[in-house]
Every structure is written in C-alpha cells, then in structure tokens.
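Single-structure report; data block below.
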Amino acid sequence: MIKVLVVEDSPVVREFLIHILNADPDIRVVGSASNGEEAIEAVMHHRPDVITMDIHMPKMDGIEATRHIMETSPTPIVIVSGSTDPHENTKTFRAMEAGALAVLIRPTGIGHPDHEATVRELVQTVKLMSEVKVVRRWAQIRREPAFPSLPKALVDKSVKVKVIAMGASTGGPPVLQTILAMLPRGFPLPVLIVQHIASGFVTSFVEWLAQSSTLPVHVAVQGEYIAPGHVYVAPDEFQMKVEYGGKIVLTKDEPKNGLRPSVSYLFHSLAAVYGGETAAVLLTGMGRDGAEELRLLKGKGAVTIAQDKDSSVVHGMPGEAIKLDAATYILAPDKIAAVLIGLATEKKR
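When the letters of the sequence shown are read in order and numbered with my numbering, they come out as residues 3 to 351.
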C-alpha cells in the first residue's frame, strides 16, 4: 500500500485529489495539508511514501515546502499544477530544483473528455515515484561551481563532433539545467534534447532552462535547421529527428519504448546522419529509452556518455546503457559539461 500526503490549499481540489487517489486499491491517502507549513508537520507525523504538492499556497508555498522537506525528511514529491499558463508554470521547475521528481497538470473534472486519461496519469506517476529512493538535499550554499577538468583520455585530436544530443527522464530537468548553465557563450555546437515530461509543460521547461543558460533555448520547430550554440527541446507528443543538412523533422510516428518524444528515436536518426560525429548523453531516468541507440552510436565511433549512479535520481536509462557497454564515459553532470566543452574546443581548432 502506497501512503500519500495531499498538499493543496483549495478544499474542493484537495478533496477531489483525495477521492481520485483513494479510489485506487494500491494507494491510501494518509493525510492532507492546506499550506507548506502544515505539509512539513504532516510529513513528520504520517511519513508518507509520496507527496502531491501544490505550488501556490498561503504561509509557505510549494517551492519552499519542497526544499524544506528534501532537506529534512526526503520524500518523493509530485508537483500537481492547476495552471495552464506556460509562464506561470516555470515556477514548478524551481520546485524540481529543490528536489521534486515530477510535475503534472491537475486532473480534469468528471465529465471532461480528458478526465480518465489525466486521472490515470496522476495515479501512475504516484505509483512510479513511490519506487524512487530519494536522498537528503543539503541546504544550498550559493557559490561559484568549481570547474572540473576534462578527462585526460578525451583529449584526442581525432575527435570531431558536429552535434550534441541529450536524453533524460525522471530527475532530468535540474541535471540539464546544470549542464547547459556551464556551456559558455559562443559554444560552437547545436544541442538537441529529449526530456520526458508531462504534456503541457515543455514551453515552461524551455523558459526555465533559458533563465540559467547563456545559449538560446527553443522548443524545436518543424523544418528549422540546427544552428551552432542553440539548444532545441523536443515538443509534446512529437518524435524528433534530424535529416541530412541539419534539418529538424517532427513526426507523429509511433511511440518508441512507449514514449513520444523518445530518446531512442532521436539517437537513431543521429546515428544514421552524423554517426561518429555525434556526442550523445543519456541522463537520469526510469526505463531504458535510448540505451540500445547509445550503443549503436558508440559502434559508429560517437562519443557516448552515461550519467553516473551517484548523481542520478533514477539510474534506469543510464544504468541500462552501462550494462550494454554503450557508454564511452560514465560521469557526473559537471564532468559531462566539461567533456562537451572539451569537444567544442576541438571543434574550434
């Protein structure tokens, strides 16, 4: 039985969420809270397996509550947002910086055509997140990050990279933020990203990434050509690939590994078009999306990187790649950034 704490300031919405979750035989709502302060007390009292968290609440909002809980009583947190405004939803990613694992749009009301699908997504996400072993987040001290050195083995004058691709799922947003924030202005390579995220949040995700990156970050558009130093994020419900000449193609092709967009789909297209001139990175996430295609890229001479276990929220995707011997390097996010900068330096020469 999965014990859930529901944190939501609206009594009507709170009861709605409790009803949805208690209707599943594997879930029991053990408590509720109407603001962040109550949530912190309820976590100590009920010791839930998962928390659903609202963002906008009186006394203490969901961002501060998430930060406090992850520093004192680490618990998987799912942000349930009632807003459909992309600009407003950039705040939800601040909660992910603080340690929340996933973000969802609140389920629609009974009678709405999307009701069953959105209810199913919430229930499935709660079940999946209950399996994640989260760790304590120490109180953040703002300091300039120490810049890591490039792994010596990578200083290879024969490495010529034309494109970078990164794939991530659970725990991915803060890792991608870390990597992109370290890439300098004038970075000479295009970056393509597939991040598994709930439908409706990709625009907010891109805006949030852009706040900490010197590189322009875009939602990818059908038919545009990838440009050096630009970052392209796959949009909702489309597969993304790159054709010869660097043209982005978005398709409604079938989900791959049950996913659209899929990391595997992007990596497979890059293996065909760029082959060994690709640097591909597989980051934290559940499942195995991208693992086989990372091995395909490695076989073509590409630089392939998997995130290490210690820095991953879930070591599913990168772990599967490592099992397949698909990764040239197994690194933490700051070291991944260093490798990408090193490859770009070789490109400039």
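Cβ coordinates follow ideal geometry from the N, Cα and C atoms, glycine included.
Can you name the residues that DSSP bridges to Ser-83? Ile-107
Cβ neighbour criterion (16 or more within 10 Å) applied to Val-6: buried
Within its chain, find whatever has a CB closer than 7 Å to the CB of Ala-183; leave out the 5 residues flanking it on each side and keep chain order. Ser-214 and Ser-215
May I ask you to report which of helix, strand or coil DSSP gives Gly-277? helix
Taking the alpha-carbon positions, what's the Ile-343 to Val-283 distance? 13 Å
With H, G and I counted as helix, E and B as strand and the rest as coil, what does DSSP make of Glu-322? helix
Contiguous alpha helix (DSSP H) assignments of at least 4 residues, all confined to the stretch 157-201: 174-184
Suppose the cutoff is 7 Å on Cβ atoms and the five residues either side in sequence are ignored; what does the same chain contact list for Phe-95 look like? Pro-175, Ser-206, Phe-207 and Trp-210
Separation of Pro-335 from Asp-327, as counted between CA atoms: 19 Å
When the Cα atoms are used, what is the spatial distance from Leu-106 to Lys-243? 26 Å
Since His-220 sits in a beta bridge, which residues does DSSP pair it with? Tyr-234
Is it buried or exposed for Arg-122, if we count other Cβ within 10 angstroms and need 16 for buried? exposed
Compare the beta carbon distance of Met-46 and Val-9 with 8 Å and say whether it is the shorter of the two. no
Could you spell out where the beta strand (DSSP E) holding Val-305 opens and where it closes? 305-309
Coarse secondary structure for Lys-93, derived from DSSP in three states: helix
In chain order, what residues of the same chain have a beta carbon less than 6 Å from the beta carbon of Gln-309, not counting five sequence neighbours either side? Leu-285, Thr-286 and Pro-320
Would a C-beta distance cut-off of 8 Å place Ala-236 and Pro-192 closer than the cut-off? no
Give the range of the beta strand (DSSP E) segment to which Ser-34 is assigned. 29-35
DSSP beta-bridge partners for Gln-213? In the DSSP output, where bridge partners are listed per residue, Gln-213 has none listed.
Reduced DSSP category for Met-288 - H, G, I as helix; E, B as strand; rest coil: coil
Between the Cα of Ile-71 and those of His-89, Glu-90 and Arg-49, spot the shortest distance and give me the residue it belongs to. Arg-49
Buried or exposed, going by whether 16 or more other CB atoms sit within 10 Å of the CB of Glu-295? buried
Suppose contacts are defined by Cβ-Cβ distances below 8 Å. Is Leu-252 in contact with Ala-273 by that definition? no
DSSP has Ala-282 in a bridge; who is on the other side? Ala-167 and Thr-306
When DSSP labels each residue in this structure, what does Ile-228 get in the three-state scheme? coil
Mind checking whether Val-196 and Pro-263 have CB atoms under 8 Å apart? yes
Would Gln-241 be called buried (16 or more neighbouring beta carbons within 10 Å of its own) or exposed? buried
Under 8 Å, do Val-233 and Val-221 count as touching if we go by C-beta distance? no
Please check the pair Val-136 and Pro-76, which I expect to be a contact at CB under 8 Å, by giving their CB distance rounded to whole angstroms. 4 Å
Figure out for me which residue from Ile-338, Ala-102 and Glu-66 has the closest Cα to the Cα of Met-168. Ile-338
Enclosing alpha helix (DSSP H) for Leu-296 [first to last residue]: 293-301
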